[in-house]
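Chemist: Quick one: structure below, then a few questions.
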Amino acid sequence: MSTRTILITGGAGFIGSHVVRLFVNKYPGYTIVNLDKLTYAGNLANLIDIEHAPNYRFVKGDICDSGFLKNLFSEFPFDGIIHLAAESHVDRSISNPMEFIMTNVLGTVHLLNEARHAWKADFSGKRFYHISTDEVYGSLGTEGYFTEESRYDPHSPYSASKASSDHLVRAYHDTYGLPTLISNCSNNYGSYHFPEKLIPLAINNIRTNKPVPVYGNGENIRDWLFVEDHARAIDLLYHKGKNGETYNIGGHNEWKNIDLIRLLCKIMDRKLGRPDGTSAALITFVKDRAGHDLRYAIDSGKLQKELGWQPSLQFEEGLEKTVDWYLGHQDWVDGVTSGEYQYYYQQQYEQR
Ligand code: NAD
Ligand code: TYD
84 MSTRTILITG
94 GAGFIGSHVV
104 RLFVNKYPGY
114 TIVNLDKLTY
124 AGNLANLIDI
134 EHAPNYRFVK
144 GDICDSGFLK
154 NLFSEFPFDG
164 IIHLAAESHV
174 DRSISNPMEF
184 IMTNVLGTVH
194 LLNEARHAWK
204 ADFSGKRFYH
214 ISTDEVYGSL
224 GTEGYFTEES
234 RYDPHSPYSA
244 SKASSDHLVR
254 AYHDTYGLPT
264 LISNCSNNYG
274 SYHFPEKLIP
284 LAINNIRTNK
294 PVPVYGNGEN
304 IRDWLFVEDH
314 ARAIDLLYHK
324 GKNGETYNIG
334 GHNEWKNIDL
344 IRLLCKIMDR
354 KLGRPDGTSA
364 ALITFVKDRA
374 GHDLRYAIDS
384 GKLQKELGWQ
394 PSLQFEEGLE
404 KTVDWYLGHQ
414 DWVDGVTSGE
424 YQYYYQQQYE
434 QR
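With my numbering, letter number 216 in the sequence shown gets 299, and the count goes up by one each step, no holes.
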């Protein structure tokens, strides 16, 4: 059984919690250290099933705190870092860009510096894996796909902060030889997704008979990937990807927002035993998001060819599983939608 010590940042968030769970369960010989600040988006309830696993440690801390990182790196002999900690919601980046710069840009640099210093004696067998987004490539028209060669053209403070962090990760590879790897993934969906994002917000609003806000005319297109498929890709890339390389990850699963919401409404009517059309009546078109990217679509051919990765689920199946999870975990939803969420919701939607 191989042994490694891996730092996963942002492991109490949506995607991070799936990555932590996968690694803790699949690699009993590894020590998995989850570093998370527990912002509004981080929640230890996401990891209740593995919190007592002998190969798992949780550490509360901020990636922007270099003194704290120094101590952490002297406490644990990390072989690898999988960096997911970030501010992740476009709408919040529009109202408060500075937090995105602090965590996504400066926090990433603090982490890069710490890895570089801790590993300077020997980079062999080490890996700094940075998790990024397809939003760095900007917006597509009706044709074409983002490839690893697509030009960076971010439009929101969120995507611009992620683009900056990607550039810095590449700079540390090219300048210092740090063994880095980057993946850029399309929109994820699944369990433990914070209900500020489209799918879980719509599920929650439909269940509680609240308007389902669709920005603009609902024609914007996203490429949706089941979160556990993303976690599997991260596992593969962490172990088998090439240093200095970038890999795109996506579902080949494009949906116009309005079509996705209509499908979700149908599923919800069936699950809740409501007459067909009840949920769709909640759809409400609201003021568009500023700088709203029209279309994202990923060509993940490189990952598929080099490492044999494929998405495992059809969207309808994944969406149905996701709805079942939300309807079966009302206590989790209630926990994350109390307090700060109410204020956020009011600011974001009730004045739109
Ligand atoms: P999330 O918002 O659900 O989770 C982010 C986590 O980071 C939270 O647990 C939060 O507490 C933690 N965090 C925030 N600031 C921190 C700090 N300063 N120090 C330590 N921890 C901090 O985000 P997510 O959707 O799980 O996204 C994870 C990563 O994947 C992000 O880097 C995001 O850019 C990227 N990504 C997300 C998607 C998506 O569809 N959600 C798609 C592609 C890439
Ligand atoms: P979101 O889940 O915020 O992800 P991202 O902006 O990172 O793609 O939004 C997905 C799409 O849904 C995006 O085009 C914006 C739109 N949207 C709505 O129409 N209504 C909403 O309430 C939200 C949160 C998003």
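No residue lacks a Cβ here, since even glycine has one placed at the ideal position from N, Cα and C.
Quick one: residues in its chain with C-beta nearer than 6 Å to the C-beta of S248, no 5 flanking neighbours on either side, listed in chain order?
Modeler: The sequence position of residue 248 within the sequence shown is 165, counting from 1. Same-chain partners within the cutoff: N187, V188, T191.
Chemist: Buried or exposed: which applies to A169, given that a residue is buried once 16 or more other Cβ atoms fall within 10 Å of its Cβ?
Modeler: Sequence index remark: in the sequence shown, residue 169 carries index 86 (1-based). Burial call: buried.
Chemist: Anyone know if the C-beta pair for I344 and V295 falls short of 8 Å?
Modeler: Along the sequence shown, read from residue 1 onward, the residue named residue 344 stands at position 261. Along the sequence shown, read from residue 1 onward, the residue named residue 295 stands at position 212. For I344 and V295, yes; Cβs fall inside 8 Å.
Chemist: The ligand NAD and F156: does the residue's C-beta get closer than 7 Å to at least one heavy atom of that ligand?
Modeler: Taking the sequence shown and counting its residues from 1, one reaches residue 156 at position 73. Not so, every heavy atom of the ligand NAD lies at least 7 Å from the Cβ.
Chemist: With DSSP collapsed to three states, give me the class of G418.
Modeler: Within the sequence shown, the letter at position 335 stands for residue 418. Here G418 sits in helix by DSSP.
Chemist: Could you check whether the Cβ of L90 sits closer than 7 Å to any heavy atom belonging to the ligand NAD?
Modeler: For this step, residue 90 is matched to residue 7 along the sequence shown. Checking every heavy atom of the ligand NAD against the Cβ of L90, none is found closer than 7 Å.
Chemist: In whole angstroms, give me the CA-to-CA distance for L194 and L152.
Modeler: Along the sequence shown, read from residue 1 onward, the residue named residue 194 stands at position 111. Along the sequence shown, read from residue 1 onward, the residue named residue 152 stands at position 69. Distance between the alpha carbons of L194 and L152: 7 Å.
Chemist: If you draw a straight line from the alpha carbon of N326 to that of E197, how long is it in whole angstroms?
Modeler: Walking along the sequence shown from the start, residue 326 turns up at place 243. Walking along the sequence shown from the start, residue 197 turns up at place 114. When rounded, the distance between both Cα atoms is 18 Å.
Chemist: Of all the options I332, Q425, L410, F97, which has the alpha carbon lying nearest to the alpha carbon of R353?
Modeler: Position 270 of the sequence shown holds residue 353. Per the Cα distances, L410.
Chemist: For the ligand TYD, is there a heavy atom less than 7 Å away from the beta-carbon of K280?
Modeler: Locating residue 280 in the sequence shown gives position 197, counting from the first residue. The answer is yes for K280.
Chemist: In three-state terms, what does DSSP make of L396?
Modeler: The count along the sequence shown starts at 1 and reaches residue 396 at position 313. Of the three classes helix, strand and coil, the one that applies to L396 here is coil, per DSSP.
Chemist: By DSSP, does I381 sit in helix, in strand, or in coil?
Modeler: Indexing the sequence shown from 1 puts residue 381 at position 298. Note: I381 maps to strand in three-state DSSP.
Chemist: Compute the distance between the beta-carbons of C268 and T216, then report whether it is under 8 Å.
Modeler: In the sequence shown, counting from the first residue as 1, residue 268 sits at position 185. In the sequence shown, counting from the first residue as 1, residue 216 sits at position 133. In contact: C268 and T216 (Cβ atoms closer than 8 Å).
Chemist: Any chance the CB of L410 is under 7 Å from a heavy atom of the ligand TYD?
Modeler: Within the sequence shown, residue 410 is the residue found at index 327, counting from 1. Not under cutoff, so the answer is no.
Chemist: According to DSSP, N336 sits in a beta bridge with which residue or residues?
Modeler: The residue you call residue 336 lines up with position 253 of the sequence shown. Per DSSP, none; premise fails for N336.
Chemist: Please determine whether the Cβ atom of E170 lies at a distance below 7 Å from any heavy atom of the ligand NAD.
Modeler: Residue 170 sits at position 87 when you count from the first residue of the sequence shown. Relative to the ligand NAD, E170 has its C-beta within less than 7 Å of a heavy atom.
Chemist: Would you report the Cα separation of A363 and Y298, rounded to the nearest angstrom?
Modeler: Taking the first residue of the sequence shown as 1, we reach residue 363 at position 280. Taking the first residue of the sequence shown as 1, we reach residue 298 at position 215. Their backbone Cα atoms lie some 15 Å apart in a straight line.
Chemist: Which same chain residues end up closer than 7 Å to P436 when comparing Cβ atoms and leaving out the 5 residues on each side of it in sequence?
Modeler: Here the chain covers residues 84 to 435 and nothing more, so residue 436 does not appear.
Chemist: Quick one: what's H166 bridged to in DSSP?
Modeler: The residue you call residue 166 lines up with position 83 of the sequence shown. DSSP output for H166 lists T92, H213 as bridge partner(s).
Chemist: Applying the 10 Å Cβ sphere with the 16-neighbour rule, what's the burial state of H250?
Modeler: As a working mapping, residue 250 is identified with position 167 in the sequence shown. Result: exposed.
Chemist: Starting from Y113, follow the beta strand (DSSP E) in both directions and report where the run begins and ends.
Modeler: Here the question's residue 113 lines up with position 30 in the sequence shown. Element bounds for Y113: n/a, residue is neither H nor E.
Chemist: Am I right that G163 and Y321 are in contact with their C-beta atoms under 8 Å? What's the rounded C-beta distance?
Modeler: As a first step, residue 163 is located in the sequence shown; it is residue number 80 there, counting from the start. As a first step, residue 321 is located in the sequence shown; it is residue number 238 there, counting from the start. Contact flag correct, Cβ pair sits at about 7 Å.
Chemist: Taking just the CA atoms, how far does P358 sit from K245?
Modeler: For this step, residue 245 is matched to residue 162 along the sequence shown. For this step, residue 358 is matched to residue 275 along the sequence shown. Spanning the two alpha carbons is a distance of roughly 43 Å.
Chemist: Restricting to Cα atoms, I'd like to know which of R104, D145, F161 is closest to A136.
Modeler: In the sequence shown, the residue the question calls residue 136 occupies position 53. The shortest C-alpha separation from A136 is found at R104.
Chemist: Regarding N179 and the ligand NAD, is the C-beta to nearest heavy atom distance less than 7 Å?
Modeler: Residue numbering aside, residue 179 sits at position 96 when the sequence shown is read from its first letter. No, since every heavy atom of the ligand NAD falls outside the 7 Å radius drawn around the Cβ of N179.
Chemist: Can D119 be considered in contact with the ligand NAD, in the sense that its beta carbon sits closer than 7 Å to one or more heavy atoms?
Modeler: Start at 1 with the first residue of the sequence shown, and residue 119 comes out as number 36. Within the cutoff, so yes.
Chemist: Give me whichever residues DSSP pairs with R140 in a beta bridge.
Modeler: Here residue 140 is taken as the residue at index 57 of the sequence shown, counted from 1. Per DSSP, V116.
Chemist: Name the DSSP beta bridge partners of R305, please?
Modeler: To locate residue 305, count along the sequence shown from 1; it is residue 222. Per DSSP, W338.
Chemist: Looking at the structure shown, is S242 part of a helix, part of a strand, or coil, going by DSSP?
Modeler: Position 159 of the sequence shown, counted from the start, is the residue given in the question as residue 242. Helix, per DSSP.
Chemist: Quick one: Cα of G324 to Cα of L264, how far?
Modeler: Taking the sequence shown and counting its residues from 1, one reaches residue 324 at position 241. Taking the sequence shown and counting its residues from 1, one reaches residue 264 at position 181. Computed Cα separation, rounded: 7 Å.
Chemist: Measuring only the C-alpha atoms, how far is Y235 from L223?
Modeler: Start at 1 with the first residue of the sequence shown, and residue 235 comes out as number 152. Start at 1 with the first residue of the sequence shown, and residue 223 comes out as number 140. About 12 Å.
Chemist: How should D407 be labelled, buried or exposed, when 16 other C-beta atoms within 10 angstroms of its C-beta is the threshold for buried?
Modeler: To locate residue 407, count along the sequence shown from 1; it is residue 324. Classification of D407: exposed, given that the 10 Å Cβ count is below 16.
Chemist: Look at the alpha carbon of I317 and the alpha carbon of N154, and state the distance between them as a whole number of angstroms.
Modeler: Locating residue 317 in the sequence shown gives position 234, counting from the first residue. Locating residue 154 in the sequence shown gives position 71, counting from the first residue. Cα-Cα distance, rounded: 27 Å.
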